[in-house]
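Asks: Chains as they are written, first to last, in this note's numbering: chain C, 304 to 643; chain A, 18 to 341.
Note that beta-carbon positions come from the ideal geometry of N, C-alpha and C, so glycine has one too.
This structure is a prediction, so every number in the text was calculated from the model and none was measured.
#1: On the three-pair Cβ rule with 8 Å, is the region 453-462 of chain C touching the region 575-582 of chain C?
#2: Taking CB distances under 7 Å as the criterion, tell me whether residue 420 of chain C reaches chain A.
#3: With 7 Å set as the bound, which would you pick, yes or no: does the beta-carbon of residue 353 of chain C sit closer than that to a beta-carbon of chain A?
#4: Assign residue 623 of chain C to one of two classes, buried (16 or more other C-beta atoms within 10 Å of its C-beta) or exposed (fewer than that).
#5: Would the beta-carbon of residue 244 of chain A fall within 7 Å of that of residue 273 of chain A?
#6: When DSSP labels each residue in this structure, what does residue 138 of chain A get in the three-state scheme?
#7: Would you grab the beta carbon distance between residue 183 of chain A and residue 285 of chain A for me? Rounded to a whole angstrom, and I think it's under 8 Å.
#8: Suppose you measure from the CA of residue 79 of chain A to the CA of residue 85 of chain A; what does that come to, to the nearest Å?
#9: Count the other CB atoms, across all protein chains shown, that sit within 10 Å of the CB of residue 608 of chain C; report buried if there are 16 or more and exposed otherwise.
#10: Where does residue 261 of chain A sit, in a helix, a strand or coil, going by DSSP?
#11: For residue 278 of chain A and residue 158 of chain A, which I take to be in contact (beta-carbon distance under 8 Å), what is that distance rounded to the nearest angstrom?
#12: Which residues share a DSSP beta bridge with residue 571 of chain C?
#13: What are the boundary residues of the beta strand (DSSP E) that residue 364 of chain C is part of?
#14: Taking 6 Å as the limit between beta carbons, can you name the residues of its chain near residue 507 of chain C, skipping five residues before and five after?
#15: Using a Cβ cut-off of 9 Å, which residues of the region 153-164 of chain A contact any Cβ in chain C, in chain order?
#16: Counting only beta-carbon atoms, is residue 201 of chain A nearer than 7 Å to chain C?
#17: Go ahead and label residue 425 of chain C buried or exposed: buried means 16 or more other beta carbons lie within 10 angstroms of its beta carbon, across all protein chains shown.
#18: Along the chain, where does the beta strand (DSSP E) that runs through residue 585 of chain C open and close?
#19: Assuming the contact rule is C-beta atoms closer than 8 Å, residue 593 of chain C and residue 478 of chain C should be a hit. Round their C-beta distance to whole Å, please.
#20: Please classify residue 639 of chain C as buried or exposed, where buried requires at least 16 other C-beta atoms within 10 Å of its C-beta.
#21: I'd like the span of the alpha helix (DSSP H) that includes residue 256 of chain A, first residue to last.
#22: Does any residue of chain A bring its CB to less than 7 Å from the CB of residue 370 of chain C?
#23: Please decide whether residue 25 of chain A counts as near chain C, where near means a Cβ-Cβ distance under 7 Å.
#24: Looking only at its chain, what residues have a beta carbon closer than 6 Å to the beta carbon of residue 415 of chain C, apart from the 5 residues adjacent to it on each side?
#25: By alpha-carbon positions, which one of C/345, C/597 and C/406 ends up nearest to residue 474 of chain C?
#26: Whole-angstrom Cβ separation of residue 345 of chain C and residue 168 of chain A, contact assumed at under 8 Å?
#27: Listing by chain order, which chain A residues have their CB less than 7 Å from the CB of residue 470 of chain C?
#28: Excluding the 5 residues preceding and the 5 following residue 192 of chain A in the sequence, name in chain order all residues of the same chain whose CB lies nearer than 7 Å to its CB.
#29: Could you have a look at residue 123 of chain A and say whether DSSP puts it in helix, strand or coil?
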């Protein structure tokens, strides 16, 4: 090794050139001490021995914590393998549905040796996550793994934050309905905001019809119903003369297959024409999720939410008008470059 | 969960037909799965068997493993009594080292000429280490560890961040075997641990004054499973005059440690075998120290008892004299 050769040359490292197999096993002189000296205990140590076996790592608490967790992990895998008659790498471990939370790095550093770098912290939390993955298997395996379950739970509790180590994802607020069954949702785009009420067009019950440009619905259940949209108490064709704006408003209903299923009443304020149209569409999409998915208690990937999310109408478009900057003509436009 | 005998008999017959002494679990799996009602064309692996089938399979393997004949063509005709005895301990260690792959050195192109004394030869461009030298070096290292622990010394086992979790566990186990004399650095070595100990390491006892000896105690022996990974540790041990034991491969100069053990430093099993041996030697040293202490205490107790008896006897004599 290049780094050690100068130390060898300077005699810092002791150098013995005799080949190993030619050297005598015992290099002690041929002095035989009396039996009393052999059987006598040696003098006590001048300095006391450290208590922790990981004293020389300079992070004894962290090393012993890592050692305990890794031995628990190995023992759990072995016990589960025995109980399920499978090797450790073939255990049917499922990852947890959400990322787990553990004690923050700063708090753990204070608890351990006073400092904790990110690498060892990640190693520790990695082992805790592996143990959390094994816990449901160990619980299901029965009484054979009861003591392992207790040990794993104790280890996880030790490193869990006050709220528990399972993360609760923030739930979207449920859509409000009034006593008539109308949903109330809010949609926004640029500086426009729209407040939208939606009510289902039931063929049996008379729908609240008003003068509108679209054909009025028939009360007979055989004929298909028509969606009537009122914006600021005026018909949609009057507020949005452009067809593209009207299409944008009806797009969520179209892709969810709910055209004709709901009447829409919107109060919209702020912004321009297309901004207001997009705000109404956003509110209609949220209302659809409330009427259909929420009533049937469907999951996030089921029902109309899946279709609407994929189309992007459930997202509040975050694009806003960018501010003008000094030295520029507009937000991005630069003045004409002059050579001199 | 005990399987019924009626279902065992055809399986057992098939199992016995499959192989005699060498009853491998793969053979059992083949036998079981053929009789199991698995659909055609589906891959027959552990994942397709239910828990009951897996437990049944394991039960069959466990119960039938020790059955079967140990006869083979050579042993069937002649009886060799000397082969029935257990082999001597030196051969057992040699065969264990060979099985662990301790003899496999590095490529001959990366050879360090100082290792010439323990390179047995070259095969396919790879240096082969002479395991006879390894055995004698291991014995010497074990003697050193035993002697250090007998004198209540501190033995430090150093791993490396490149080592796997199983080797780190072996290092921890070796330190555990030595009890209060065993210490471990399973992960990375912090440079300055020995030379800058007063800054990096905490005080051992709060009551000890700094002048008297409150400075951190340094290890009396350092065992390195891969010395080349720890140039800082080697340098610090040399500067603080700490003897070292290490596994040296054919690409390392054996003079970097005090007691080199020529062996494959990349093999996990070799490292674990060596650590287990040194741990066992340390345990023997501890037991010897305890025995010596007990003997000394027993002698001391007997001496004190004799002194007490003499004092009591003198006291009685003086009483009788006064009485008289």
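Replies: The structure says:
#1: no
#2: no
#3: yes
#4: exposed
#5: yes
#6: strand
#7: 6 Å
#8: 13 Å
#9: buried
#10: strand
#11: 6 Å
#12: C/497
#13: No beta strand (DSSP E) holds residue 364 of chain C; the alpha helix (DSSP H) holding it covers 363-387.
#14: The predicted position of residue 507 of chain C is uncertain, since its pLDDT is 39 and thus under 50; a value taken from the coordinates is nonetheless stated next. If we look at residue 507 of chain C and ignore the five residues flanking it on each side, it has no Cβ neighbours.
#15: 153, 154, 156, 157 and 160
#16: yes
#17: exposed
#18: It is not in any beta strand (DSSP E) - residue 585 of chain C instead sits in the alpha helix (DSSP H) that spans 576-591.
#19: 3 Å
#20: exposed
#21: 248-256
#22: yes
#23: For residue 25 of chain A, the predicted structure reports a pLDDT of 42, less than 50, and the residue's modelled location is therefore unreliable. The matter cannot be settled from this model.
#24: 364 and 365
#25: C/597
#26: 5 Å
#27: Near residue 470 of chain C there are no residues of chain A at all, since even the closest Cβ is about 27 Å away, more than 7 Å.
#28: 174, 199, 200 and 201
#29: strand
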